[in-house]
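Order-wise, the sequence lines are chains U and R. Reading the first sequence from the start, the letters are residues 2 to 306 in the working numbering. Reading the second sequence from the start, the letters are residues 15 to 369 in the working numbering. Each residue gets a CB set at the ideal place from its N, CA and C atoms; glycine is no exception. Bear in mind the structure is a predicted one, so any value in this text is a computation, not a measurement. Down below is the structure, laid out as structure tokens.
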Amino acid sequence: MLQNLLSPEFFNAILRATTPILFASLAASVAAKSGITNMALEGIMLFAALFGVVFSAMTGNFAGGLLLTMIAGGLIGLLLAFFVLNLKTDEILAAIAINLMATGGTVLLMLAISGDRGSSTSIASVSAPRIVIPLVDKIPFLGQILSGQNLMTYLSILAVVVMHLFLYKTPLGLKIRAVGENKNAAESVGISAKKIQYIALILSGVLASMGGYFLSGGYMNMFTKDMSAGKGYIALAASAMGGDTPIGGFLVSLLFGAAQALANMMQLTDIPHELIQMVPYLTTLVGLGIYSYAGMKRRQRLAGK
Amino acid sequence: MNSVKRFDMFRMFFSVLVALLISFVIIFFVSEEPVTAIVTLITGPLKSKRNMGDVVVAMVPLIFTGTGVCIMFSANQINLATEGGFHLGGLVAAAVVLKMGLPAGLSPIVAICMAALVGAVFCAIPAVMKIKTGSPELVSSLMINYLSLWFCTFILMHFLQDPSVGSASYKLPAESELPTLIKGTNIHAGLLVALLVAVLGYVFLYKTRTGYELRLTGENEAFARYSGINIVKVILISQMVGGVIAGMGGGVELLSPIYSRFSWVGLLGYGWDAIIICTLAKKNPLYTPLAALFLAYLRTGASIMARYTDVTLEIVQITQGIIILLVVAEQFLSGMKHRMIAKEAKASLKEEEVA
């Protein structure tokens with residue numbers, strides 16, 4: 002067991018398990034920075050997981066599939082934004098509605114397209130390729146971890162850097178943070194809060210859809226019913242624990258990815274698999290508790306109590 | 015009833031109608047026999063006494079979780095653990111009737127009480143975490159739902175499983191089953207318990223001091239705090255009462271005549287359904303039976319439709335999603351509402367002039 006834990010394969014598996022959570026946590030953080038809790042991540046990921054399979058089969062290559070899935074994800078983000086910002090729907094209830102529609106809609110669509118209820122095995126989808134980085138793969142130990150990952154895993158890490166630069170080094174990123182910090186103050190200097198939040202939610206939808214795409218086109222090679230299995234919710238916790246920053250979210254996602262990888266590896270032991278299934282959720286719950294407790298103590302200290 | 019309230023009623027019915035129409039359009043796209051499917055969906059539940067009974071039976075779990083969510087949401091505690099609490103309630107009830115060997119009359123009562131107790135403790139986890147660590151109850155409750163699912167599956171597979179049937183418990187003893195009320199249907203005594211819970215939930219929220227404190231905290235927490243209301247108490251009580259009802263609902267559902275074994279290996283979704291019940295009932299437990307009747311009718315219709323045509327049951331989840339979106343959208347039809355209010359104001363002005 003310990004030997005397995007220290008093997009490069011395990012660290013490789015951590016990065017793989019981190020990828021969907023990371024994309025979704027970036028999606029959560031950009032929405033949160035604009036002042037909106039995007040709980041619809043779960044539903045967007047589920048929709049995207051199915052769309053990825055359907056679109057990649059339609060276009061015959063993964064890039065076309067990914068691009069169309071990202072557009073679809075952005076459209077769901079737009080729909081959420083329209084209801085929350087224009088029709089003044091409660092953001093949590095709107096998200097619950099979208100998640101419900103994702104649970105039912107994906108099954109309905111899959112049945113209509115493939116005639117199968119449980120999984121999309123009959124759809125000839127194309128997964129994103131695994132990439133071997135020349136030279137890096139020759140480095141002992143580290144090479145086996147960093148090279149040979151799925152393209153989406155590299156994209157997710159690239160997305161952390163891009164989102165960090167976007168939020169902290171560009172005028173639009175500044176506006177997003179300003180709106181999230183204080184909507185009225187931002188409006189008083191001529192920023193349209195509504196427009197900025199629209200942009201943030203669409204971007205959030207696109208990022209979440211990339212995580213969903215990876216679920217069915219990389220992590221696995223098909224869509225199965227309810228395959229997002231709470232990863233969107235875990236990402237919501239990851240983003241919150243990372244202070245809604247891309248880099249903080251990345252670190253927490255790595256922790257949750259490690260919990261998932263550990264759970265996957267424990268499947269090989271005698272421990273009942275039902276208990277192993279609890280590991281990622283329990284890790285998230287405990288992590289959230291510890292993080293929130295530390296935050297509460299810090300606030301109390303600052304308040305001079 | 016003033017005209018604004020009347021308009022809100024109209025808006026709700028209109029939202030439901032729009033959601034149904036959109037669902038029918040979807041059926042037209044996915045089905046080979048859309049007209050038959052839609053007709054079956056609408057008229058199916060009325061076709062036989064048994065089907066009508068199924069509608070009433072389907073209302074029971076919805077009233078329970080809906081009332082639980084009404085109470086938690088009234089205090090603005092967005093705890094979604096009713097899903098897990100319901101599931102756990104079912105498991106506890108099954109374990110009690112299978113393992114405790116109580117006398118026939120006592121067994122179901124003890125089972126349901128234990129289910130309620132466990133539900134309360136379970137739904138209190140997010141509340142305690144919020145009080146002690148400041149964690150948002152939304153995220154923690156979502157996590158413990160999955161913990162509940164896997165814990166129940168673990169207990170089922172290792173302690174209650176009947177090896178001859180796979181993933182289900184041993185057969186529940188017949189004498190612990192809730193009695194049926196009407197011959198030829200499955201309508202059972204649980205319905206009476208559910209209705210009682212809805213009424214008691216209403217009395218608790220609207221006629222007691224604690225209920226008032228809950229609602230005031232839900233409306234404006236800062237104001238409630240300054241008025242001297244103990245927020246910690248509100249957070250804990252609202253979620254525990256919600257949990258009691260959810261757990262009890264799970265216990266009642268499992269002991270109803272439609273289940274003969276505990277076989278829930280996936281989350282059933284009653285916690286999510288509760289959100290739409292709460293939305294339609296406007297957070298008032300007294301209206302949950304009506305909202306549950308609507309959803310149960312739709313569900314039963316859809317399952318009959320799924321049996322006889324090529325449209326699946328999942329279409330209902332889409333309808334539900336659209337209804338939530340439209341009913342909660344404050345600005346939906348707001349132009350019409352404004353025009354109506356303006357027109358009435360003008361009319362009353364004119365009357366004053368005449369007088």
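query                                                                                                                                                                              : result
Can you list, in chain order, the residues of its chain whose CB lies under 6 angstroms from that of R/Y322, leaving out five sequence neighbours each side?                       : T54
Ordered along the chain, which non-local residues of its own chain (more than five positions away) have a Cβ less than 7 angstroms from that of R/L281?                            : E97, H101, N159 and L163
So the alpha helix (DSSP H) U/L156 belongs to, where does it begin and stop?                                                                                                       : L152 to K170
Quick test of your reading: R/A103 and R/G256, contact by CB under 8 angstroms. State the CB separation rounded to the nearest angstrom.                                           : It should be noted that the sequence gives Gly, not Ala, for residue 103 of chain R. The Cβ separation is near 12 angstroms, so there is no contact.
Give the DSSP bridge partners of R/T194, in chain order.                                                                                                                           : R/H202
Can you find a CB in chain U that lies within less than 8 angstroms of the CB of R/T231?                                                                                           : no
According to DSSP, what are the bridge partners of U/R131?                                                                                                                         : U/N151
Give the secondary structure of R/A183 by DSSP, where H, G and I count as helix, E and B as strand, and everything else as coil.                                                   : The question names Ala, but residue 183 of chain R is Ser in the sequence shown. If DSSP states are grouped into helix, strand and coil, R/S183 belongs with the strands.
Drop a sphere of 10 angstroms on the beta-carbon of R/T302, count the other beta-carbons inside from all chains shown, and report buried for 16 or more, exposed for fewer.        : buried
Whose Cβ in chain U lies nearer than 7 angstroms to the Cβ of R/M143?                                                                                                              : G290
On the DSSP bridge assignment, give the partners of U/S307 in chain order.                                                                                                         : A question about residue 307 of chain U goes unanswered here, because the residues of chain U that appear run from 2 up to 306.
What does R/Q175 pair with, by DSSP beta-bridge criteria?                                                                                                                          : R/S183
Under a CB-based cut-off of 8 angstroms, is U/F84 close to chain R?                                                                                                                : yes
Interface residues of chain R around U/D91 at Cβ under 8 angstroms?                                                                                                                : V342
Between the segment 129 to 157 of chain R and chain U, which residues of the former have CB atoms less than 8 angstroms from a CB of the latter, in chain order?                   : M143, K146, T147, G148, S149, P150, L152, V153, S154, L156 and M157
Is the segment 321 to 340 of chain R touching the segment 243 to 259 of chain R in the sense that three or more CB pairs, one from each, lie closer than 8 angstroms?              : no
Identify each residue in the segment 23 to 48 of chain U for which the Cβ-Cβ distance to at least one residue of chain R is less than 7 angstroms, and report them in chain order. : none
Please confirm if R/Q91 has its CB atom under 8 angstroms from at least one CB of chain U.                                                                                         : no
To the nearest whole angstrom, what separates the beta carbons of U/Y282 and R/L269, a pair I think is in contact under 8 angstroms?                                               : Rounded, the Cβ-Cβ distance is 28 angstroms, inconsistent with contact.
Could you give the first and the last residue of the continuous alpha helix (DSSP H) run that contains R/I355?                                                                     : S348 to V368
Put R/P150 into one of helix, strand or coil per three-state DSSP.                                                                                                                 : coil
Give the DSSP-derived three-state secondary structure of R/I123 in the structure shown.                                                                                            : helix
Taking U/F224 and U/M111 to be in contact with their CB atoms under 8 angstroms, please state how far apart those CB atoms are, rounded to whole angstroms.                        : 7 angstroms
Any beta carbon of chain U sitting closer than 8 angstroms to that of R/H379?                                                                                                      : This structure leaves residue 379 of chain R out entirely; chain R is present only between 15 and 369.
Mark U/E43 as exposed unless 16 or more other C-beta atoms lie within 10 angstroms of its C-beta, in which case mark it buried.                                                    : buried
Would you kindly report the start and end of the unbroken alpha helix (DSSP H) that includes U/T284?                                                                               : V280 to L303
Could you tell me the distance, in whole angstroms, from the CA atom of U/A295 to the CA atom of R/T147?                                                                           : 8 angstroms
My understanding is that U/G36 touches U/V190, with C-beta atoms under 8 angstroms, so please give their C-beta distance in whole angstroms.                                       : Their Cβ separation, rounded to whole angstroms, is 16 angstroms, which puts U/G36 and U/V190 out of contact at 8 angstroms.
What is the DSSP secondary structure of U/D271, reduced to helix, strand or coil?                                                                                                  : coil
Listing by chain order, which chain R residues have their CB less than 7 angstroms from the CB of U/A98?                                                                           : G335, I338 and L339
Could you name the residues of chain R that U/E275 contacts, counting a contact when the two beta carbons are closer than 7 angstroms?                                             : W164, T167, F168 and M171
With distance defined between alpha-carbon atoms, name the residue in U/N185, U/A18 and U/T107 nearest to U/A264.                                                                  : U/A18
At a CB-CB cut-off below 7 angstroms, which residues of chain R make contact with U/T285?                                                                                          : M157
What are the start and end residues of each continuous alpha helix (DSSP H) run of 4 or more residues lying completely inside the segment 57 to 101 of chain R, in chain order?    : 63 to 88
Work out the CA separation of R/A141 and R/W286 for me, nearest whole Å.                                                                                                           : 19 angstroms
Using a cut-off of 9 angstroms between C-beta atoms, extract the partners of U/N185 located in chain R.                                                                            : Residues of chain R passing the Cβ test: none, with the nearest at roughly 18 angstroms.
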